[in-house]
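Only one structure is covered here, and it is reproduced in the block below.
What follows is the structure in structure tokens.
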């Protein structure tokens, strides 16, 4: 029986081995996962290299575009419109800045749509530089260039965001037009840029000091043009909510805006005249204008939407 069993290949005749002998190459046990690093296939490595190369090229192109935009904007500001004669609004600036007495300056400021901050600045500047066309336009150039520099150095904690913001500001069409005009728009944009940066610092740091800085710039904005109240009001609502647990932080802000409130009665009579039909060339706004609020806030400039879309693609 034992011989028959051995002849038949019974398990009794075979020694038991703790490690089974593989009968096929596919049965060879693999190494445990993580015991050795697998080399990626050649196709995957090539795809990764192409992706890194494409990202590097995109960053280089972005930097070239940013530098070109800033340089083009600066050069344009230095050569555009400097030899054209004054027109109506600029002539008013020349008359107001040339007032020989402080009382004459204040009387003119009471009867102007723009606030006194710009005209007082121009009045002081005229005493130093004179009332020539180029002399009265230079402050707009300084303000326009200062807005770009302000963004480049302090606009955001992220360097790439600062440069993109500065590049878009440098080629912003209204900024290219107002740069060589003796009007308050360039100063208004500089102050609005500074207040936007202060607003970002308020949100990031929740610092009462930055809230005071934001308020001081906001007061200067309101005293430059009353239209800035829309921007300041929206930002103020956000900050009131953001500092809702620290109401004392607003005490310096209230004191600062009280100075603006002290001036407004001297100018409101003239501003209210614009509400009279036939008094001004601006149409009086009614309830139906609420439907046009997106237009007033964002405009309908197709190029603006194109720039925003391009920036979104780059940032993505």
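In the numbering used here, the protein residues as written are 3 to 318. Think of the CB as a built atom: it goes at the ideal place given N, C-alpha and C, for glycine as much as any other residue.
Query raised in the report: At a cut of 8 Å, does the stretch 199–216 reach the stretch 96–115 through at least three beta carbon pairs?
Result: no
Query raised in the report: If you draw a straight line from the C-alpha of residue 192 to the C-alpha of residue 149, how long is it?
Result: 5 Å
Query raised in the report: Which class does residue 217 belong to by DSSP, given the choice of helix, strand or coil?
Result: helix
**Report entry** residue 128 CB to nearest heavy atom of the ligand SAH below 7 Å
**Finding:** As for the ligand SAH, it is missing from this structure, which has no ligand bound.
**Report entry** residue 86, buried or exposed, once every other Cβ within 10 Å from all chains shown has been counted against 16
**Finding:** exposed
Report task. Tell me, please, which residues DSSP counts as bridged to residue 227. Result -> 116
**Report entry** Length-filtered (4 minimum) alpha helix (DSSP H) runs lying within the stretch 176–216
**Finding:** 187–207
Requested in this report: Report the residue ranges of all alpha helix (DSSP H) runs contained in full by the stretch 60–114; include only those spanning at least 4 residues, in chain order.
Outcome: 90–99, 104–112
Query - Where residue 111 falls, given that 16 or more other Cβ within 10 Å makes a residue buried - result: buried
Requested in this report: Please name the residue in 73, 243, 210, 62 whose C-alpha comes closest to that of residue 252.
Outcome: 210
Report task. Look up residue 275 in the DSSP assignment and say whether it is helix, strand or coil. Result -> helix
Query raised in the report: My guess is that residue 200 and residue 219 are in contact by the Cβ rule of under 8 Å, so how many angstroms apart are they, rounded?
Result: 6 Å
**Report entry** Distance between residue 176 and residue 73 (C-alpha atoms, nearest Å)
**Finding:** 17 Å
Report task. To the nearest angstrom, report how far apart residue 84 and residue 53 are at their CA atoms. Result -> 48 Å
Query - residue 79 classed as buried or exposed, judged by whether at least 16 other C-beta atoms fall within 10 angstroms - result: buried
Query raised in the report: Does DSSP classify residue 287 as helix, strand or coil?
Result: coil
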